[in-house]
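*Asks:*
Chains as they are written, first to last, in this note's numbering: chain A, 313 to 706; chain B, 632 to 1023.
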């Protein structure tokens, strides 16, 4: 069966985010034919099982892309093209740019069209008219807060979600949230993100007199760094020596101002984005990874920290408590509570080495049991195969 | 004697507070000044103002048009404002500005060189950057107003952006003593700085007759939805009050980039039913909202001074503000309102409770003190007189 199944993983751009790329790699290693559609941000060398149907983001390349697939459909799939044109027209989605995006999908006609971001679901609903199965990932902001702020988006979800063939939820919490917009619970499968544990080899710890706290993530309000900085101010007032590094928040004015305002210039550093290897080193040289977020699905950086045997302190946002159990394999504190973050850090500082080791050992076990790359890949494959079986795909 | 000519430089023709700006221009004109407004074209909304408006050429156009505009501007520099252009070029050179930047500044500032002025007044600090020698080149005195964001935040984003400005002979207008202190710390000499706080039209924002009672408390904030306004902390304090059983309604007037952040906070803090986002509304609607409310909250993280808080005080609302920058001069703690340390939602919640439980006598006493202080210190006539003194 696997040689015949064609799976499209659609995020809109190639390459996509780290965790989607991890999924693509894992699926292709299993020998399934993977299709990627979208615009080419950077050239990526995939293995032979991955077919990248990408266009460069210039008028010339887009025109060429459209011309090629327009011609192929005209010559070999004329009726299907006419049908698609009618659908796109009825949805007021028939500009050249839409055709340029949709024609290649119709031409290659994967069995599964897996949309990674919920906001795109209405756009791609037409694939079901051509016997492609529509799978949607439930991730982060697209489910957790965008529809709260945008009633039109919420309405669109209500309209589209009941028709999706299968949902992939990154956590139980986000699955529950999606049901509020009409996602049928029986169509949702939880598949946690996974890591390749071999790439998280032990790196010797760099001992430092200060307690080194690190957060890693893009500069965005949902990361809750303002609460972390308020917590730092509390630590400083209590004369607790620490350093705090936020990787990915360089140039973020709100934080720059807060650091200055709270007199934390000597204690806090904002860094730009780092490559994965540098992140692994940073994690290893840190006393804890702090995730002060107000919203997350399951933060991959927490999984990476646990795999790297770095202590984790997270808020109880989104699906984080499905991974981190307080004082078992890490530490959990409430969202939007800088006092709680500070108190928890003080407690962690007070732990002896044996306690810390027990917790990091337990964290590593959690990753081994619940978040390996092979678990993620087989979980996703089961999801795809179940959808196809239900629809009598031979 | 000919009229003194003041050129005011803004990024755009004021839209939202146009009435206020018109009054300011009129005040100067009534006192014998001629006012000219210089703005950037690409942000212009309307030019319905009682003064001449000079619009900068738009260089953000296609290549062919850009070449034509550059050529025309260059001709102006050579044949029309020859003397001023030569002087600007020379002064920029003396300041060690690179040749490329000198030519760029000469072209971009050409529209400022076209008029003979007594004063060239930049409405915001950042508008004076890369224009430090323009006033001298046209033989005018130079003034710069700092409003808050441009003093507290712009230097964090554009490191050392005011280094050249602060060594020039410039008269500064700031909104608060706190801002004056910062300028002095940065090397500006004290006599060059004047504090003129914002003013309110007390005939428009008249006191209402509301009184706090045990019924639903109506609170309001006027602010754009931006992190500097501390609205997330405000919502957290309101969530604490809801948990304690307080019946309230909170209206936020203003729009901005952080709507998603704030509406998500109301959802997560379970106060979605209590919080209303009004968006941007007209001045008449603002007044109506203030008339309905009991308490005005301005729990900002950074604030130059805050006009809205003055308007709320003029209407006799109980104002609770943070101690951010100019706010503690705007409201006198425990006399005309309350000042709470910023970033402390628990303290804000405590203060709101305290205010709600004030005795009727105390409420009345505070209201009278607040309204009188605004009438005395923040009257628009007073502000006009201060500006006239500034330019004389």
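From the three backbone atoms N, C-alpha and C, an ideal C-beta is built for every residue, glycine too.
Quick check: what's the CA-CA separation for residue 630/A versus residue 615/A?
*Replies:* The straight-line gap from Cα to Cα measures roughly 15 Å.
*Asks:* Taking the Cβ atom as the reference point for each residue, do residue 643/A and residue 661/A lie within a distance shorter than 8 Å?
*Replies:* Against a cut-off of 8 Å, the Cβ pair of residue 661/A and residue 643/A comes out as no contact.
*Asks:* Leaving out five residues before and five after residue 923/B in sequence, what residues of the same chain have Cβ atoms less than 7 Å from its Cβ?
*Replies:* Correct list, in chain order: 849.
*Asks:* Enumerate in chain order the residues of its own chain whose CB-to-CB distance from residue 459/A is below 7 Å, with the five nearest sequence positions on each side excluded.
*Replies:* Correct list, in chain order: 465, 466, 469 and 493.
*Asks:* Bridge partners for residue 493/A per DSSP, in chain order?
*Replies:* None, per the DSSP bridge assignment.
*Asks:* Should residue 398/A be labelled buried (16 or more other beta-carbon atoms within 10 Å of its own) or exposed?
*Replies:* By the neighbour-count rule (16 or more Cβ atoms within 10 Å), residue 398/A is not buried but exposed.
*Asks:* Any beta carbon from chain B within less than 8 Å of residue 572/A's own beta carbon?
*Replies:* It does: the Cβ of residue 572/A has a partner Cβ on chain B nearer than 8 Å.
*Asks:* Are residue 423/A and residue 332/A touching if we call contact CB-CB under 8 Å?
*Replies:* No, these two residues do not count as a Cβ contact at 8 Å.
*Asks:* Beta-carbon of residue 899/B versus every beta-carbon of chain A: anything under 8 Å?
*Replies:* Yes, contact with chain A.
*Asks:* Could you please tell me which residues of the region 916-937 of chain B, in chain order, have their CB closer than 9 Å to any CB of chain A?
*Replies:* So the list reads 932 and 933, given in the order they occur along the chain.
*Asks:* What is the DSSP secondary structure of residue 600/A, counted as helix, strand or coil?
*Replies:* Looking at residue 600/A - three-state DSSP - the assignment turns out to be strand.
*Asks:* Tell me whether the region 527-536 of chain A and the region 599-607 of chain A touch, counting them as touching only if at least three CB pairs, one residue from each stretch, are closer than 8 Å.
*Replies:* Enough Cβ pairs lie closer than 8 Å, so yes.
*Asks:* Whose Cβ in chain B lies nearer than 8 Å to the Cβ of residue 458/A?
*Replies:* In chain order: 891.
*Asks:* Which residue from 657/B, 670/B and 969/B puts its Cα closest to that of residue 681/B?
*Replies:* The shortest Cα separation from residue 681/B among 657/B, 670/B and 969/B belongs to 657/B.
*Asks:* Name the residues in the region 775-792 of chain B whose C-beta lies less than 9 Å from a C-beta of chain A; which are they?
*Replies:* Listed in sequence order: 783, 784, 787 and 788.
*Asks:* Under the rule that 16 or more other beta-carbon atoms within 10 Å means buried, what is residue 1043/B, buried or exposed?
*Replies:* Examination of residue 1043/B is not possible in this model, given that chain B is present from 632 through 1023 alone.
*Asks:* Can you check whether the CB of residue 359/A is closer than 8 Å to the CB of residue 328/A?
*Replies:* Not in contact: residue 328/A and residue 359/A (Cβ atoms no closer than 8 Å).
*Asks:* Please confirm whether residue 702/B has its beta-carbon closer than 8 Å to some beta-carbon of chain A.
*Replies:* No, residue 702/B lies away from the interface with chain A (no Cβ there is under 8 Å from its Cβ).
*Asks:* Assign residue 1048/B to one of two classes, buried (16 or more other C-beta atoms within 10 Å of its C-beta) or exposed (fewer than that).
*Replies:* This structure cannot settle anything about residue 1048/B, because the visible part of chain B is limited to 632 through 1023.
*Asks:* Going by the CB atoms, is the gap between residue 954/B and residue 972/B shorter than 8 Å?
*Replies:* Yes, the Cβ-Cβ distance between residue 972/B and residue 954/B is below 8 Å.
*Asks:* For residue 497/A, count neighbouring C-beta atoms within 10 Å of its own C-beta (all shown protein chains included) and say buried if the count is 16 or more, exposed if not.
*Replies:* Residue 497/A is exposed by the Cβ-count criterion.
*Asks:* Return no unless some Cβ of chain B is closer than 8 Å to the Cβ of residue 569/A.
*Replies:* With 8 Å as the cut-off, residue 569/A counts as an interface residue toward chain B.
*Asks:* Can you confirm whether residue 733/B, when its beta carbon is compared against all beta carbons of chain A, has any partner nearer than 8 Å?
*Replies:* It does not; no Cβ of chain A falls within 8 Å.
*Asks:* List the DSSP bridge partners of residue 426/A.
*Replies:* DSSP output for residue 426/A lists 321/A and 447/A as bridge partner(s).
*Asks:* What are the residues of the region 977-988 of chain B that lie near chain A, defined by any Cβ-Cβ distance shorter than 7 Å?
*Replies:* Cβ contacts with chain A come from no residue of the region 977-988 of chain B.
*Asks:* Any beta carbon from chain A within less than 8 Å of residue 974/B's own beta carbon?
*Replies:* Yes - at least one Cβ of chain A is within 8 Å of the one on residue 974/B.
*Asks:* Tell me the DSSP bridge mates of residue 929/B?
*Replies:* DSSP lists 952/B as partners of residue 929/B.
*Asks:* Considering only DSSP beta bridges, list what residue 752/B is partnered with.
*Replies:* Residue 752/B pairs with 639/B and 774/B.
*Asks:* What residue ranges within the region 848-881 of chain B form continuous alpha helix (DSSP H) runs of no fewer than 4 residues, ordered along the chain?
*Replies:* Correct list: 862-874.
*Asks:* Figure out for me which residue from 354/A, 347/A, 683/A and 368/A has the closest Cα to the Cα of residue 362/A.
*Replies:* Measuring from the Cα of residue 362/A, the nearest candidate turns out to be 347/A.
*Asks:* Taking buried to mean at least 16 other C-beta atoms within 10 Å of its own C-beta, is residue 540/A buried or exposed?
*Replies:* When all chains shown are included, residue 540/A counts as buried.
*Asks:* Can you tell me where the beta strand (DSSP E) holding residue 669/B begins and where it ends?
*Replies:* That run of the beta strand (DSSP E) goes 664-671.
*Asks:* Quick one: residues in its chain with C-beta nearer than 6 Å to the C-beta of residue 429/A, no 5 flanking neighbours on either side, listed in chain order?
*Replies:* Excluding positions up to five away in sequence, the list reads 454.
*Asks:* Return the first residue and the last residue of the alpha helix (DSSP H) that residue 1008/B is part of.
*Replies:* Its alpha helix (DSSP H) spans residues 991-1008.
*Asks:* Can you give the beta carbon distance from residue 773/B to residue 751/B, rounded, assuming they're within the 8 Å contact cut?
*Replies:* Right, the Cβ-Cβ distance comes to about 6 Å (below 8 Å), so this counts as a contact.
*Asks:* Compare the C-beta of residue 884/B against all C-beta atoms of chain A and say whether one is closer than 8 Å.
*Replies:* Answer no: the Cβ-Cβ gap between residue 884/B and chain A never drops below 8 Å.
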